[in-house]
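Novice: Okay, handing you the structure first.
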Amino acid sequence: MSNYRYRTISFLSDYGLVDEFVGVCHGVMLRIAPEVTVIDVCHGIRPQNIGEGANVLAQAVPYLPVGVHLAIVDPGVGAGRLPIAVQAADGSWLVGPDNGLLVPAAARLGGATSARKLENPELRAPNPSRTFQGRDIFAPAAAHLALGVAPEELGTELAVESLVSLRVAMPRLHDGHFHAAVTHVDRFGNLSVNVDAVAAAEAGMTAGSLLAVGIEGHRLTIPFGETFSSVPPAEPVVTEDSHGQLAVCVNLGSAADHFGASLGSKVLIGPSGSSGGSSGGF
Amino acid sequence: MSNYRYRTISFLSDYGLVDEFVGVCHGVMLRIAPEVTVIDVCHGIRPQNIGEGANVLAQAVPYLPVGVHLAIVDPGVGAGRLPIAVQAADGSWLVGPDNGLLVPAAARLGGATSARKLENPELRAPNPSRTFQGRDIFAPAAAHLALGVAPEELGTELAVESLVSLRVAMPRLHDGHFHAAVTHVDRFGNLSVNVDAVAAAEAGMTAGSLLAVGIEGHRLTIPFGETFSSVPPAEPVVTEDSHGQLAVCVNLGSAADHFGASLGSKVLIGPSGSSGGSSGGF
Amino acid sequence: MSNYRYRTISFLSDYGLVDEFVGVCHGVMLRIAPEVTVIDVCHGIRPQNIGEGANVLAQAVPYLPVGVHLAIVDPGVGAGRLPIAVQAADGSWLVGPDNGLLVPAAARLGGATSARKLENPELRAPNPSRTFQGRDIFAPAAAHLALGVAPEELGTELAVESLVSLRVAMPRLHDGHFHAAVTHVDRFGNLSVNVDAVAAAEAGMTAGSLLAVGIEGHRLTIPFGETFSSVPPAEPVVTEDSHGQLAVCVNLGSAADHFGASLGSKVLIGPSGSSGGSSGGF
C-alpha cells in the first residue's frame, strides 16, 4: 500500500443492492487499485433524490477515513451535467456528478479547495456508456485518485464557486414554533426534522420539557426525551438524533407508521403551552 | 497487520442497509484500525428483535474467523443497559449491549470467559450520541480490540454469570409430537422450527419417513426429505436445515406463503400415524 | 498476498441480504484465505432464477478482477446436479452448481477451458449440509482456488462440452419488428429487452429515430434517445443500456410502473411507421 495516496474509497449511491451496479463499480475500482478498501456507505438513497443523497453524504463523511468519497445520484446521467472531482480542506476527494450532491459534504470537511472536470479519456472506460457512468467514468476516477494520479491529469480546473448547489429548505420560526419538515426517515421509522438541537434550545425546547407537535393532522404534546426509552413502549418521544437534529420517534415502534408520515411531511414543533400551536394550519 | 491482535471484525445488526448506519460504523472502525477486514454477517435482523439477533449470531459465529464480533440490536440504547465486551473461550471478543444478544454466541464459542463494561472515555467518541451508540461506543471498542488494546483498559470487569440472558422458548414434547414454533423465516420462505434433528430422530422422525404437521390451521402429512427436491415442485417437505433444526419448506416455492406462516407461528410436528395429531389444539 | 494465486473472489447469489447466508460464506472464505478480498457482485437475483443469475453474472464478469467468481443460484441443491469449478480462457475460475449458471460467464471470458467436479472431502466442510452447500462446498472451493490449490485436487475432470447449458430466449424478427422480451428490470424500473443495439441498428433503429413499441397492452411511439433525459421528465424513452441492449425507460420515473411490465413481459419493438406494428398480437 505504501505507494497509494489513499487506502480507502467510500461509496454512496441510489443504486440499491438488488442489481449488480454496486458490485460492478467495486470490480472496476479493484481492477485499477487492487489494494484499496471500499466502504459501502449507503446505496439506499431514494432513486434520483439528490437532496437526500447530499444530506446523507454530508452527515456521513466526518466519520469516514480521509480518502476518496465516490457519490452517485445522477438523474442527469449522460446529459449536460459535468462529471467532477472536488478536493476538500481535509485532503479528501469527492467524486460524482456536478448536480449539488457533493457540495454539502465538502463544506462539512472544511470546504472545497479545488475542483476538476473529469474528461481525460485515459482515466475512464473507452466508449463510456451514456446511462451507467458510475461504472465507466466515476469509479475509474475514484480509483485513479486513490492510486495517486496528479489532479491536473483529471481535466480542466473548475472554480469551486461555480459548482452547482442545492437550495436547502430551512425551517421557518414563527410565534415560537418551527414550521419544519421531515428530512429523513430511517429503517426504524424515526423522523428526522430540519430543526437542529441548538436552535431548538434557543426556542425553549430542551430535553425533559414537553413539546407541542403537529404532524400529518395529528396535534399532540410529546416529551423531549434523552433517548427512545425515556417514554413507555409505543409512546411518541422527540429526541436529538445522532446528527444533532430533532427527531420524532416512537419507543419500540415506528413514528412513520404511527403518524402516517414520510420524507417531506410538514412538522410544526415548539414548546408546549406557547401560542404557536393554535396558529398552525396543518 | 503484524501488530494487530485480530485481522477481522464481523458485524451483525438490525440497522438494515437502506440507511447509512452500517457504512458509518465501517468508517469509524477503519479510521481507528485501517487494516482490519470487516465482514457484514447480516443487518436484516427485524428491528429491535433481540431474540432473533441472538439466534442468528450464535448460528453464524462458528463459521467466522476468530476475531471481534460486533453485534447491535439495542432497543434500550442510551438507557440503563450496559455496553459490554465479552471474551469467549476460543479467543474471540463479542461487543454489544448487555441485553441477551451476545450470550448464546459466547456459549457456541466455548463459553464466556470474561466480560468488561465499556466505559473508558478515551475508547469512544467524545459526547456519544444517546441514540446511535453503535457509531460512538460499540464500533470504536471493536476496532480498539482488533488493534490489541488491553482488556482492562475497556472498563470494569463484570462477572460473566451476571450478564443478561434471554429465556429461550423450548418445544414441548407431548404424546409423541413436538409443540414447537417457527424461529426463523429465510428469504426463500423456509420455516425453521425449534426442534433439532437429533431430538426429532429420537422421537421417530428421520429422513425418508412421513411426518404429521400442523401449522396455521393446516393439518397434513409431509415427507421428511434429504433436500428440497426430494419432493416434486410446489410440494411441501420437511428437511434438516443447515443448523441441524427441522425446517418446513416447499420445493421451488415459499413455505411462508404456502402456509401463511411467519416468525413465531406455532408448529405441531411428529411422526405420521401417531396419536399426537389428534390432540393438538391449533 | 504474494503466495495467493488470486487476490479477489467475487460473489453472486440469490441469497438476498436479509439473512446471514452471504455473511457466513464470507466468514468461511476468510477463515481459509484471510487475505483475500471478497466483492459482492449482487445477491438480489430472484430466488432460484438461474437464467437471471446467468445473465447478470455474464454481464458483470468483464468488469471484475481476474480471480475466482463464486456464483450460487441452486434450486437443485443437495440433489443430482454437480458442484463444479470451470476455468475460463482469461485465467479466472467460476465456482458453482452445474445448472447453466456459469456457462455464459465463461463464454464472456473467452470460453471454458477446463472443468472439475468438486468432490475432494478435504476441500469442503465435514458432513456438508444438504441445503446450504454455498457454505459447505462452494465457498471453501473458491477460497482454496484463491490460495492456489492445484485444480486436479478438486476432483474429476469434466468435459467442458458436457456442462449444462440454458436455452436462451432469442427475439424473433418479423416484418421489421422484434418480438422480444424484458430480460431485466433494475431498481429504477428500466426494462432491458433482449435486442442488442447492433441488431437494432441493422433493423433501422438508431439513436434519434422514433420507435414503435408494444408492451403490456400499450402501443406507442417512443423516441430512441442517447440517455434518459433525452425526453422530458415522466416521458418514455428507449435507450441503449450499459450492456448494449435496448431498454425501455421513463425519464425520472419507472418504466416498470408506467407500463405495468416485469421480467418476462413481451415487447414488440421496431422502427416507427413500418408495418410490423399492425401485425403484433399483444
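Chains as they are written, first to last, in this note's numbering: chain C, 582 to 863; chain L, 582 to 863; chain Y, 582 to 863.
No residue lacks a Cβ here, since even glycine has one placed at the ideal position from N, Cα and C.
Just so you know, these numbers come straight off a predicted model, no measurement behind them.
1) If you follow the beta strand (DSSP E) that Glu-633 (chain C) is in, where does it begin and where does it stop?
2) With hydrogens ignored, establish whether the beta-carbon of Ala-782 (chain L) is closer than 7 Å to any heavy atom of the ligand ADP.
3) Does Leu-699 (chain C) come within less than 8 Å of chain Y when only Cβ atoms are used?
4) For the region 700-720 of chain C, which residues have a beta carbon sitting closer than 7 Å to at least one beta carbon of chain Y?
5) Considering only residues of the same chain and omitting the five flanking positions on each side of Val-541 (chain C), which have a CB-CB separation below 6 Å?
6) Residues of the region 665-684 of chain C with a CB closer than 7 Å to any CB of chain L: list them in chain order, please.
7) Short of 6 Å in beta carbon distance, which residues of its chain neighbour Pro-656 (chain L), apart from the five on each side in sequence? Order them along the chain.
8) Is Leu-744 (chain L) close to chain Y? Criterion is C-beta to C-beta, closer than 8 Å.
9) Against Gly-661 (chain Y), what residues of chain C qualify as contacts under a CB-to-CB distance less than 9 Å, listed in chain order?
10) Using a Cβ-Cβ cut-off of 6 Å (strictly less than) and excluding sequence neighbours within five positions of Val-745 (chain Y), which residues of its own chain qualify?
11) Roughly how many whole angstroms lie between the Cα atoms of Asn-775 (chain Y) and Glu-601 (chain C)?
12) Could you give the first and the last residue of the continuous alpha helix (DSSP H) run that contains His-839 (chain Y)?
13) For Glu-601 (chain L), does the three-state DSSP call read helix, strand or coil?
14) Between the alpha carbons of Ala-686 (chain L) and Asn-708 (chain Y), how many angstroms are there, rounded?
15) Please classify Asn-584 (chain C) as buried or exposed, where buried requires at least 16 neighbouring CB atoms within 10 angstroms.
16) Determine the contact status of Ile-796 (chain L) and Phe-719 (chain L), defining contact as a CB-CB distance below 8 Å.
17) Closest to Thr-787 (chain L) by C-alpha separation, out of L:Leu-801, L:Ser-710 and L:Thr-820, would be which residue?
18) Report the option in C:Ala-740, C:Ala-723 and C:Tyr-587 whose CA atom is closest to the CA atom of Gly-692 (chain C).
19) From the DSSP output, in three-state form, read off Ala-720 (chain Y) for me.
20) From the DSSP output, read off the bridge partner residues of Gln-714 (chain L).
21) Establish whether the CB of Ser-591 (chain Y) and some CB of chain C are separated by less than 8 Å.
22) Tell me the DSSP bridge mates of Asp-621 (chain L)?
23) Three-state secondary structure (DSSP) at Val-730 (chain L)?
24) Residues bridged to Asp-777 (chain L) by DSSP?
25) So Leu-704 (chain C) and Val-730 (chain C) are in contact, right, with Cβ under 8 Å, and what is the actual spacing, rounded?
26) List the residues of chain Y that Asp-600 (chain C) touches, going by C-beta distances under 7 Å, in chain order.
27) Rounded C-beta distance between Leu-849 (chain Y) and Val-763 (chain Y)? I'm assuming under 8 Å.
28) What is the DSSP secondary structure of Ala-793 (chain Y), counted as helix, strand or coil?
29) By the criterion of Cβ-Cβ separation under 8 Å, what are the contact partners of Arg-612 (chain L) in chain C?
30) In whole angstroms, what separates the C-alpha of Gly-858 (chain C) from that of Pro-804 (chain C)?
31) Any C-beta of chain L sitting closer than 8 Å to the C-beta of Val-637 (chain C)?
32) How is Ile-626 (chain L) classed by DSSP in three states: helix, strand or coil?
33) Hey, out of C:Arg-711, C:Gly-770, C:Cys-606 and C:Pro-702, whose CA is closest to Arg-662 (chain C)'s CA?
34) Would you say Asp-777 (chain L) reaches chain Y, if we count a Cβ-Cβ gap shorter than 8 Å as a contact?
35) From the DSSP output, in three-state form, read off Arg-768 (chain Y) for me.
36) In whole angstroms, what separates the C-alpha of Leu-593 (chain Y) from that of Thr-737 (chain C)?
Specialist: Looking at the coordinates:
1) Element bounds for Glu-633 (chain C): not the beta strand (DSSP E) but the alpha helix (DSSP H), 631-641.
2) Looking at this structure, you won't find the ligand ADP or any other ligand, since it has none at all.
3) By this cut-off, Leu-699 (chain C) is not an interface position.
4) Ser-710, Arg-711, Thr-712, Phe-713 and Arg-716
5) There is no way to answer for residue 541 (chain C), as the model of chain C reaches only from 582 to 863.
6) none
7) Excluding positions up to five away in sequence, the list reads Gln-629.
8) no
9) Near Gly-661 (chain Y) there are no residues of chain C at all, since even the closest Cβ is about 29 Å away, more than 9 Å.
10) Asp-679, Asn-680 and Gly-681
11) 18 Å
12) 836-840
13) coil
14) 22 Å
15) exposed
16) no
17) L:Thr-820
18) C:Ala-740
19) helix
20) The partner list for Gln-714 (chain L) (beta bridge, DSSP) is empty, contrary to what the question assumes.
21) Yes, its Cβ sits closer than 8 Å to a Cβ of chain C.
22) L:Phe-592
23) coil
24) For Asp-777 (chain L), which the question treats as bridged, DSSP gives the partners L:Gln-826.
25) 7 Å
26) Cys-623, Gly-625, Asp-767 and Arg-768
27) Leu-849 (chain Y) to Val-763 (chain Y), Cβ: 12 Å. No contact.
28) strand
29) In chain order: Tyr-644, Leu-645 and Pro-646.
30) Because the pLDDT at Gly-858 (chain C) is just 41, under 50, the model does not fix this residue reliably, and the point stays unresolved.
31) yes
32) Correct three-state label for Ile-626 (chain L): coil.
33) C:Arg-711
34) Not one chain Y Cβ lies under 8 Å of Asp-777 (chain L).
35) coil
36) 39 Å
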